[in-house]
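See below for the structure under consideration.
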Amino acid sequence: MSTNSTLKIVPKAGPARRVSVPDIAARKGGEPVVSLTAYTAPMAKILDPHCDFLLVGDSLGMVLYGLDSTLGVTLDMAINHGAAVVRGSSQACVVVDMPFGTYQESPEQAYRNCARVLVETGCAAVKIEGGAEMAETVSFLVERGIPVMGHVGLMPQSVNIAGGYRAHGRNQDEARKIKDDAHAIADAGAFALVIEGVVEQLASDITREIQIVTIGIGASAACDGQVLVTEDAMGMFTEFTPKFVKRFAEMGEEMSRAAADYAKEVKARTFPAAEHCYGVRKDGK
Ligand code: KIV
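First residue of the sequence shown? That's 81 in the numbering used here, and the numbers climb one at a time after it.
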């Protein structure tokens, strides 16, 4: 090499680094955090470039398995779907919802099951529902290396206590309790808090008062970010859509039309056509 040659090091574009828990925590009051639910590898692959985090919500029980609530989701279901979402994504942070009955009994039970979820899925954090009563568990987990996202307001795992899915925080007592719950979970060390199905003013007050990122679902644009169940947002369900969901597509109608076209072509023997059939190769192999 001649002495006057300049060695140019051209940085190669490497694979994108995954968004981390501290990256999300640092978004408080900044650019809104974007999240959608994902339960499978192909869906995770489609959503990954657009989301800061993918939530493997226990809504998977209702969306994928046709259960009437999230209560029947098991730890094995959460782990299998969580691992699939981690495999299908490369840049978004992956957060897995802890199923009902896997963390409420004691901090020790929560640690055992959350550690399994982290180890067996490769996800970055877990989400647990609950307010002040779960604060001790949240600190126990965080102090032992498990990042926790909280969830207050409408908590689907408490549907039997709440008596259904309705907006929360419409009266002063309820609003006060949700605020106290949000403070307790933030003070316990959670890095983010989902606020579901509460009146706009309450979500905005909580977001202003607590130091951690708030993620709204049916809680207004005042939150630090938003999450939706993907199948709701994509219009996969033709029947009921909650008030807080905007349908960004009509995939249900499109898939139904495609299935009808397929059925018609199968019956008419126009599918498969010649271009979909294997021919004999000349080399005989
Ligand atoms: O299970 C879920 O999908 C959730 C979100 C809707 C927040 O908890």
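Just so you know, even glycine gets a beta-carbon here, dropped at the ideal spot from N, CA and C.
Between residue i and residue j, which are expected to be in contact by the criterion C-beta below 8 Å, what is the C-beta distance as a whole number of angstroms?
i	j	result
Thr120	Gly168	7 Å
Gly277	Gly305	About 16 Å separates the two Cβ atoms, so there is no contact after all.
Ala124	Val165	4 Å
Cys303	Thr318	Rounded, the Cβ-Cβ distance is 29 Å, inconsistent with contact.
Ile295	Ser115	6 Å
Leu409	Leu144	It is not possible to answer for residue 409, since the shown part of the chain is limited to 81 through 365.
Val293	Val113	6 Å
Asp285	Ala212	Not a contact, Cβ separation roughly 17 Å.
Arg250	Val228	In fact, because the Cβ distance is near 28 Å, the residues do not count as touching under 8 Å.
Ser170	Ala118	13 Å between Cβ atoms; not a contact.
Please state the DSSP three-state secondary structure of residue i.
i	result
Asp138	coil
Leu273	strand
Met81	With a pLDDT of only 45 at Met81, under the threshold of 50, the placement of this residue in the model should not be trusted, and no figure is reported.
Ile292	coil
Ser115	strand
Met229	strand
Val153	coil
Val278	strand
Are there any heavy atoms of ligand 1 lying less than 8 Å away from the beta-carbon of residue i, as far as the coordinates show?
i	result
Lys108	no
Gly211	no
Lys362	no
Thr150	yes
Lys207	yes
His231	yes
Gly137	yes
Thr177	The residue you asked about is not Thr; residue 177 is Asp in the sequence shown. Asp177 Cβ: within cutoff of ligand 1.
Ile297	yes
Pro112	no
Val309	yes
Val274	yes
Leu127	no
Thr117	yes
Pro122	no
Leu147	no
Leu140	yes
Pro352	no
Pro236	yes
Beta carbon of residue i: closer than 8 Å to some heavy atom of ligand 3?
i	result
Ile241	Of the ligands this structure carries, namely ligand 1, none is ligand 3.
Is the CB of residue i under 9 Å away from at least one CB in chain C?
i	result
Gln189	Any reference to chain C falls outside this structure, which holds one protein chain only.
Stretch-stretch touch, CB-based, cutoff 8 Å, three pairs: the region 159 to 166 with the region 339 to 355: no
Segment contact flag, the region 219 to 228 with the region 182 to 191, C-beta cutoff 8 Å, min 3 pairs: yes
Every unbroken alpha helix (DSSP H) within the region 172 to 231, with a cutoff of 4 residues, ordered by chain: 187 to 201, 215 to 223
Sequence ranges, beta strand (DSSP E) only - wholly within the region 302 to 338, length at least 3: 305 to 308
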